[in-house]
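Position one of the sequence shown corresponds to residue 3 (the numbering used here), numbered consecutively onward.
What follows is a set of notes on a single structure, which appears directly below.
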Amino acid sequence: MEDDLENFLHILDCLPVAAMVLLFTEDQQRESGQQKIVYVNKKYQQQIGYPLELTPNAEAWMEVAYPDRQHREKLMMLYHSFGERLLKAEEMAQARMKIRCSDGKERDFQVTGDTRTIIPDHYLITFQEITLFTTEIEQLRQQSEMDQLTGVFNQHYLLRRLEAEVERAESTGAGFTLMMFDLDFFKDVNDHYGHNCGDQVLITTVDIIRSALSGVDCLARWNGADFIVLMREDNPGIARQVIQKAWQGVRAHTFCWQDSTFAMTTTVGLTSYRRGDTTETILERADLALRRGKRVGGDFIFVDDSD
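Take a look at the structure:
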């Protein structure tokens, strides 16, 4: 038994991933967090870095790895679920965890628990770092959701967000407001000054609109010179007051390009969620409100108050 354990631990030191060995007794299986940590391999010491004297058991390891209590409590729920799955499966269980290592940096790991060891009651836990992978995935996700020119959300994200807001409104009764912005005579800017100037106008306009919004509001580029604001405010009068700051900000701004200066205006179509709305119906009303604002010459905020 002792020779088997010694050989097993020697093999662990040759692994290219961080690993620890937990001892599960019958009592420890029932008492969560008390599983004894009996060994950590060399890769674990290099990568995660907590010595055994500071982490005699799973609960102590969590306290060292996550000093913030609220953060730790959330992760303890994940850890308990992981442990239960491991014991129930009696083979393997996996989970992704963000671990604060001894150097103070948080890294992403694929954590695998395996009960199939040659030593009774000893479970192997391995930690394979996937920080680079998750970072690249997050960057790709953001790229798929963001407009690359202006840095706001794109149409794809807006549709998903709008669908979620409709579901939230249906279940909670709390509505929202949707506003569609359009830069008046934007084509003339592109024709007269060129598309590089047009791009700069779009970027500046986004900055002005964003400065009037709160952190929970969603600003997205719909297409061309059209933008949509989704605001968690079901009173159209209040929403209009907020968005009027952005509308006035664009009107007051002096746009510059090379040796030229010029002014821009926007037209806004505003509508609020109604019971039974779908993403299509509320978008259609916002677009109709925008077109009505355009019909009066633009530079106008048209509030849809139809029943």
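Quick reminder that beta carbons are idealized off the backbone N, C-alpha and C, glycines included.
Please read all numbers here as calculations on a predicted model, not as lab measurements.
Reference residue i; option with closest CA among the options
i      : options                        : result
Asn156 : Ile211, Phe229, Asn43, Val244  : Phe229
Trp259 : Thr206, Arg223, Ala60, Thr273  : Thr206
Gln246 : Leu56, Phe183, Glu65           : Phe183
Val66  : Ala95, Cys103, Gly196          : Cys103
Thr57  : Glu75, Arg71, Gln36, Arg74     : Gln36
Arg170 : Thr281, Phe188, Phe129, Met22  : Thr281
Phe187 : Tyr125, Val203, Ser173         : Val203
Leu1   : Val244, Met94, Asp201          : There is no way to answer for residue 1, as the model of the chain reaches only from 3 to 309.
Gly1   : Asp116, Ser262, Leu221, Ala241 : With the chain running from 3 to 309 in the structure shown, residue 1 is simply not present.
Leu185 : Arg293, Glu131, Ala62, Pro122  : Arg293
Thr117 : Phe135, Ile101, Ala95          : Ala95
Thr114 : Phe26, Glu131, Gln48           : Glu131
Val23  : His124, Asp289, Leu221, Ile101 : His124
Three-way DSSP call (helix, strand, coil) for residue i in this model
i      : result
Arg293 : helix
Met266 : coil
Ser216 : coil
Asn192 : helix
Thr179 : strand
Phe155 : strand
Val168 : helix
Ala241 : helix
Phe302 : coil
Cys199 : helix
Lys2   : In this structure the chain extends from 3 to 309, so residue 2 is not present and cannot be described.
Ala227 : coil
Lys107 : coil
Gln112 : strand
His12  : helix
Counted within 10 angstroms of its Cβ, other Cβ atoms place residue i as buried (16 or more) or exposed
i      : result
Asn43  : buried
Ile13  : exposed
Arg223 : buried
Gly226 : exposed
Arg297 : exposed
Gly239 : exposed
Glu129 : Per the sequence presented here, residue 129 reads as Phe, with Glu not at that position. Classification for Phe129: buried.
Glu167 : buried
Lys189 : exposed
Phe135 : exposed
Ile139 : exposed
Rounded C-alpha distance that separates residue i from residue j
i      : j      : result
Lys107 : Ile39  : 22 Å
Val19  : Arg163 : 39 Å
Thr137 : Thr273 : 38 Å
Cys199 : Gln150 : 16 Å
Thr133 : Gln145 : 18 Å
Tyr275 : Glu172 : 10 Å
Ala291 : Asp219 : 20 Å
Ala60  : Gly217 : 38 Å
Lys45  : Ala21  : 7 Å
Leu126 : Asp15  : 13 Å
Leu160 : Gly295 : 22 Å
Asp279 : Gln48  : 56 Å
Min CB distance residue i to chain D below 8 Å
i      : result
Ile132 : Here chain D cannot be found, since the structure has a single protein chain.
key: Touching by the beta-carbon criterion (3+ pairs, under 8 Å), the segment 225 to 236 and the segment 172 to 186   = Yes, they touch.
ask   = Does the pairing of the segment 51 to 66 with the segment 150 to 170 give three or more beta-carbon distances under 8 Å?
value = Of all C-beta pairs linking the segment 51 to 66 to the segment 150 to 170, fewer than three are shorter than 8 Å, placing the two stretches out of contact.
query = At a cut of 8 Å, does the segment 202 to 219 reach the segment 251 to 267 through at least three beta carbon pairs?
reply = Cβ pair count under 8 Å is three or more, so yes.
task = Answer yes if the segment 263 to 273 comes into contact with the segment 301 to 309, meaning at least three C-beta pairs across the two stretches below 8 Å, and no otherwise.
result = Cβ pair count under 8 Å is three or more, so yes.
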